[in-house]
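If you read the sequence shown in this note's numbering, its first letter stands for residue 1, the second for the next number, and so on.
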Amino acid sequence: MEKIRVYAPATVANVACGFDIFGFAVNHPGDEVVLEKKSTPGILIKEITGDDGRLPKAVEKNTAGIAIQKYLAHIGREDQGFELSLHKDMPLGSGLGSSAASAVAGVFAANELMGRPLSQKDLLPFAMEGERVACGSAHADNVGPSLLGGFVVIRSYDPLDIIQVPVPADLYASIVHPQIEVNTKDARGILDKEISLATTITQMGNVAGLVAGLLLPDYELIGRSLVDVIIEPSRAILIPGFAEVKAAAIASGALGCSISGSGPSLFALSKGEETAQKVAKAMAAEFAALGIGSEQYVSQINQKGPVVLAD
1 MEKIRVYAPA TVANVACGFD IFGFAVNHPG DEVVLEKKST PGILIKEITG
51 DDGRLPKAVE KNTAGIAIQK YLAHIGREDQ GFELSLHKDM PLGSGLGSSA
101 ASAVAGVFAA NELMGRPLSQ KDLLPFAMEG ERVACGSAHA DNVGPSLLGG
151 FVVIRSYDPL DIIQVPVPAD LYASIVHPQI EVNTKDARGI LDKEISLATT
201 ITQMGNVAGL VAGLLLPDYE LIGRSLVDVI IEPSRAILIP GFAEVKAAAI
251 ASGALGCSIS GSGPSLFALS KGEETAQKVA KAMAAEFAAL GIGSEQYVSQ
301 INQKGPVVLA D
C-alpha cells in the first residue's frame, strides 16, 4: 500500500476512580488520518481540518506527526517519508482524548503502510509520545484504549503493563460535551499533591470494585464503584453545573457519572441503550438550563480501536 485512511476512536479516561490508570474507547467521535508514502524522507503535514486552525503543522509539535517520527526512528526507517492529512472529528480540549486519537491514527497508519513490523500493542509508546507533546505527560489512559479498544487498565508505567478488561455486553456510555473548554495542564495543576491514607483506601476499594463489577458482571457493583474521592472534588469546580448534571444522570437511571479525562465532558455508564439515551438527554438539559450548549454521544464500549477506512 502507498496510501491509507485510518479512523481512531475517542476515549473516556480515568473512569471516575481510576485516575491515569483506567480508560475505555467509544464508537464516536474520533479522528481520521490519511497517510501517503512519499519518495523523500521526512513527514509533511499537508492539512488539518476541524481544528479551526489551532493545531500546529510542525511535526515535532503535532501529536500524530511526532508519533510517526518516533516510530520510524525505532524501526530504523527514517529514510521513509510520509504526507499526512488530519481530520479532527471531535472538539479540542474536550476530555475525550482528542490528542490521543490523532496520535493513534497516525502511528497505526504508518505501521500498516510499513507492512506491520510491530504488533498493535507495541505501537503504544509512540502514541504516548504524542500525549507528551500535547499535555507534557506521556500518559496511556487515552492512547491505550484508543489503540487497543475496550476497557484498559494501566497497571504500571515502568515497565509499561496494560491489561484489557472484558465488559458486559449491555454496558453503554453517555457522554455530554458542554461547549466550554478545560485545559489539561490547568486541570492537572489544581490537583492535590498529597492525599490521606483514609482517602487512598476508599479510592482503592472503588478501583477494585469497578474491575470486579466489569468482570462478574455486576451492574450494581459497577455503579457503587464509580466514585472518585480524589480527583473529581477538585476538578468539578471547573465545570459549571457539574453537581446538577451528575444528579440528573443518576435520577435518569445511570449507574454512575463523573468527569471524562480532565473535562469538561461528563460521562455516565448505564445498563442498556434506552437508559443511556435518556441519561444523555437529561445531562444535556441541565447544561442547557445554564445556557450552555452541548454535544451528546451514546455508545457501547468500542472493542475495535483504530480501523482502516475504504477510500
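We put the beta carbon where it would ideally sit given N, CA and C, even for glycine.
Keep in mind that this is a model prediction, so the values were computed, not measured.
Extent of the continuous alpha helix (DSSP H) run through residue i
{"i": "Val298", "result": "Note, Val298: premise wrong, no alpha helix (DSSP H); beta strand (DSSP E) at Ser294 to Gln300."}
{"i": "Arg235", "result": "Glu232 to Arg235"}
{"i": "Pro145", "result": "Val143 to Leu148"}
{"i": "Phe242", "result": "Phe242 to Ala251"}
{"i": "Arg77", "result": "Neither: Arg77 is in no alpha helix (DSSP H) and is coded neither H nor E."}
{"i": "Gly213", "result": "Leu197 to Leu215"}
{"i": "Arg224", "result": "Tyr219 to Ser225"}
Start and end residues, beta strand (DSSP E) containing residue i
{"i": "His139", "result": "From DSSP, His139 is part of no beta strand (DSSP E); its letter is neither H nor E."}
{"i": "Asn62", "result": "Per DSSP, Asn62 belongs to no beta strand (DSSP E) and is neither H nor E."}
{"i": "Arg116", "result": "Note, Arg116: premise wrong, no beta strand (DSSP E); not H, not E."}
{"i": "Lys304", "result": "From DSSP, Lys304 is part of no beta strand (DSSP E); its letter is neither H nor E."}
{"i": "Gly23", "result": "Phe22 to Lys38"}
{"i": "Val182", "result": "Where Val182 is concerned, there is no enclosing beta strand (DSSP E), given that its DSSP letter is neither H nor E."}
{"i": "Glu268", "result": "Going by the sequence as given, residue 268 is Ala instead of Glu. It spans Leu266 to Lys271 - the beta strand (DSSP E) in which Ala268 sits, taken as one unbroken run."}
{"i": "Gly256", "result": "Gly256 to Ile259"}
{"i": "Ile239", "result": "Taken as a continuous stretch (DSSP letters only), Ile239 belongs to no beta strand (DSSP E), as it is neither H nor E."}
{"i": "Lys57", "result": "Lys57 -> no beta strand (DSSP E), and no H or E assigned at all."}
{"i": "Leu44", "result": "Ile43 to Thr49"}
{"i": "Val153", "result": "Phe151 to Tyr157"}
{"i": "Gly93", "result": "Careful: Gly93 lies outside any beta strand (DSSP E) and carries neither H nor E."}
Cβ-based neighbour list, residue i, same chain, cut-off 8 Å, excluding 5 preceding and 5 following
{"i": "Val298", "result": "Tyr172, Ala173, Ser174, Ile175, Glu273, Ala276, Gln277 and Ala280"}
{"i": "Glu131", "result": "Thr63, Ser99, Ala100, Ala103, Ser137, Ala138, His139, Ala140, Asn142 and Val143"}
Integer Cβ distance of residue i from residue j, believed to fall under 8 Å
{"i": "Ile48", "j": "Val59", "result": "That pair is no contact at about 12 Å."}
{"i": "Pro9", "j": "Gly261", "result": "Wrong, their Cβ atoms sit about 14 Å apart, outside the cutoff."}
{"i": "Met283", "j": "Ala248", "result": "6 Å"}
{"i": "Val182", "j": "Pro264", "result": "5 Å"}
{"i": "Ala25", "j": "Ile301", "result": "7 Å"}
{"i": "Ser225", "j": "Gly209", "result": "3 Å"}
Option nearest residue i by Cα separation, candidates the options
{"i": "Lys37", "options": "Gly30, Val227, Thr11 and Asn111", "result": "Asn111"}
{"i": "Leu124", "options": "Ala134, Leu148, Lys3 and Ala109", "result": "Leu148"}
{"i": "Gly256", "options": "Ser99, Leu269 and Thr11", "result": "Leu269"}
{"i": "Ala100", "options": "Ile163, Ile68 and Leu118", "result": "Ile68"}
{"i": "Arg54", "options": "Gln179, Gly93 and Gly81", "result": "Gly93"}
{"i": "His28", "options": "Gly293, His74, Met90 and Glu129", "result": "Met90"}
{"i": "Pro166", "options": "Asp122, Asp141 and Leu214", "result": "Leu214"}
{"i": "Ile4", "options": "Phe24, Asn14 and Val34", "result": "Val34"}
{"i": "Gly42", "options": "Tyr7, Ala310 and Leu84", "result": "Leu84"}
{"i": "Lys121", "options": "Gly144, Gly130 and Gly136", "result": "Gly144"}
{"i": "Ile292", "options": "Thr63, Ile201 and Ile239", "result": "Ile239"}
{"i": "Ser251", "options": "Thr40, Gly223 and Leu86", "result": "One point to set straight first is that residue 251 is Ala, not Ser, in the sequence displayed. Among Thr40, Gly223 and Leu86, the Cα nearest to that of Ala251 is on Gly223."}
{"i": "Ile45", "options": "Asp52, Val26 and Gly81", "result": "Gly81"}
{"i": "Ser119", "options": "Leu197, Ile75 and Val26", "result": "Ile75"}
{"i": "Gln296", "options": "Ile237, Phe267, Pro117 and Ala198", "result": "Phe267"}
{"i": "Val245", "options": "Ala208, Val207 and Leu290", "result": "Leu290"}
{"i": "Thr199", "options": "Val307, Pro168, Arg77 and Val227", "result": "Val227"}
{"i": "Ser39", "options": "Pro159, Asp158 and Glu78", "result": "Glu78"}
Beta-carbon contacts of residue i that lie in its chain and below 7 Å, excluding the five residues immediately before and after
{"i": "Gln303", "result": "Gly149 and Gly150"}
{"i": "Ser312", "result": "Absent from the model: residue 312. The displayed extent of the chain is 1 to 311, so no value can be given."}
{"i": "Asn61", "result": "The sequence shown places Lys at residue 61, not Asn. Once the five neighbours on either side are set aside, the close Cβ partners of Lys61 are Val133."}
{"i": "Gly23", "result": "Thr11, Val12, Ala13, Val15, Asp141, Asn142, Gly144, Pro145 and Val152"}
{"i": "Gly50", "result": "His87, Lys88 and Asp89"}
{"i": "Val207", "result": "Cys17 and Gly18"}
6 Å CB neighbourhood of residue i in its chain, flanking five on each side removed
{"i": "Leu203", "result": "At residue 203 the sequence reads Gln, which differs from the Leu that was named. Contacts found: Cys17, Val229 and Ile230."}
{"i": "Met1", "result": "Leu113"}
{"i": "Asp20", "result": "His139 and Asp141"}
{"i": "Asp192", "result": "none"}
{"i": "Tyr341", "result": "No information on residue 341 is available, as it lies outside the stretch 1 to 311 that the chain covers here."}
{"i": "Lys271", "result": "Asp170 and Tyr219"}
{"i": "Glu32", "result": "Tyr7 and His87"}
Residue i beta carbon near the ligand FMN (any heavy atom closer than 8 Å)
{"i": "Leu309", "result": "By its list of ligands, the structure shown contains no ligand whatsoever, and the ligand FMN lies outside what it can speak to."}
contact_flag[the stretch 211 to 224, the stretch 246 to 256] where n(CB pairs < 8 Å) is 3 or more: yes
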